[in-house]
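Residue numbers (the UniProt record's numbering): 1 to 317.
Think of the CB as a built atom: it goes at the ideal place given N, C-alpha and C, for glycine as much as any other residue.
In what follows, a single structure is set out as structure tokens and then discussed.
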């Protein structure tokens, strides 16, 4: 008994240790998933900040350019001579464009996740300031664009996956791209191709006679189908319920008819279905017992036989 008890204690201890290790592994996985989610949230926040700054700078550049054009038109109309915007306005506009370009480059670099953000910021600033001409700046930016172009599909799919990981179920409900077994970039390409097809059909109907955009017809057919189904739902519900009730009654009647088969046979026997609870069942029979003392008990007879039984028994005696 002592050995068995010791073995059972050791088994219980081993089982507890195994459960602790499993729980520790689950906690480690959960912690790792939380760290990844936090990192993705931080990266998305940084990208959003760069894009917001780019939008503000672009809006500022457009406003400055609009003011300069308006001032130039007013000056030309008043003096009847062409005059260019002031040097300070040009410098301010150029600086705003440089800041906008820098923020756009930083946002692209943040999306690709290559290098340090501060180092890249200084690098882009040096490129913009050290460029001798616009053609040289365009060439340098084009070279970097070609380097990022080789990986942009993989980066876009990775960012979309990270965004869905961060958002969870909400992303699955709000996202418009939900095609199975297709990456995010493939779905974007399919959408862009469809938009090009629709634009070509609207602009050049003669040149693309073989291509037809039937989305509106399909949408109308779908609306008609849904509307007709909604109208028939109310009338068909009662009919369907009545049909189900009729089938259930027919099924129950068939089962009742199969319980007893009264068809004639050579042995003239009844074929019936046995009920397990009623097999070997007999009704109780009341037999007179001369040896029992219950019949002589007046209290028992008064309970079950009544006063009449007691009187009858007294008369017989």
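What are the boundary residues of the alpha helix (DSSP H) that residue i is part of?
{"i": "residue 151", "result": "Note, residue 151: premise wrong, no alpha helix (DSSP H); not H, not E."}
Three-state secondary structure (DSSP) at residue i?
{"i": "residue 10", "result": "helix"}
{"i": "residue 15", "result": "helix"}
{"i": "residue 133", "result": "coil"}
{"i": "residue 122", "result": "helix"}
{"i": "residue 276", "result": "helix"}
{"i": "residue 106", "result": "helix"}
{"i": "residue 282", "result": "coil"}
{"i": "residue 190", "result": "helix"}
Please state whether the Cβ-Cβ distance between residue i and residue j is less than 8 Å.
{"i": "residue 121", "j": "residue 106", "result": "yes"}
{"i": "residue 54", "j": "residue 103", "result": "yes"}
{"i": "residue 50", "j": "residue 118", "result": "no"}
{"i": "residue 57", "j": "residue 18", "result": "no"}
{"i": "residue 128", "j": "residue 157", "result": "no"}
{"i": "residue 71", "j": "residue 93", "result": "no"}
{"i": "residue 108", "j": "residue 160", "result": "no"}
Within 10 angstroms of the Cβ of residue i, are there 16 or more other Cβ atoms? Answer buried if so, exposed if not.
{"i": "residue 64", "result": "buried"}
{"i": "residue 218", "result": "exposed"}
{"i": "residue 16", "result": "exposed"}
{"i": "residue 42", "result": "exposed"}
{"i": "residue 124", "result": "buried"}
{"i": "residue 81", "result": "Residue confidence is low: residue 81 scores 45 on pLDDT, short of 50, so the model does not pin down where it sits. No coordinate-derived value is stated."}
Given the structure, does residue i come close to the ligand ZN, in the sense that its CB is under 7 Å from one of the ligand's heavy atoms?
{"i": "residue 156", "result": "In terms of ligand content, the structure shown is empty, and the ligand ZN therefore cannot be addressed."}
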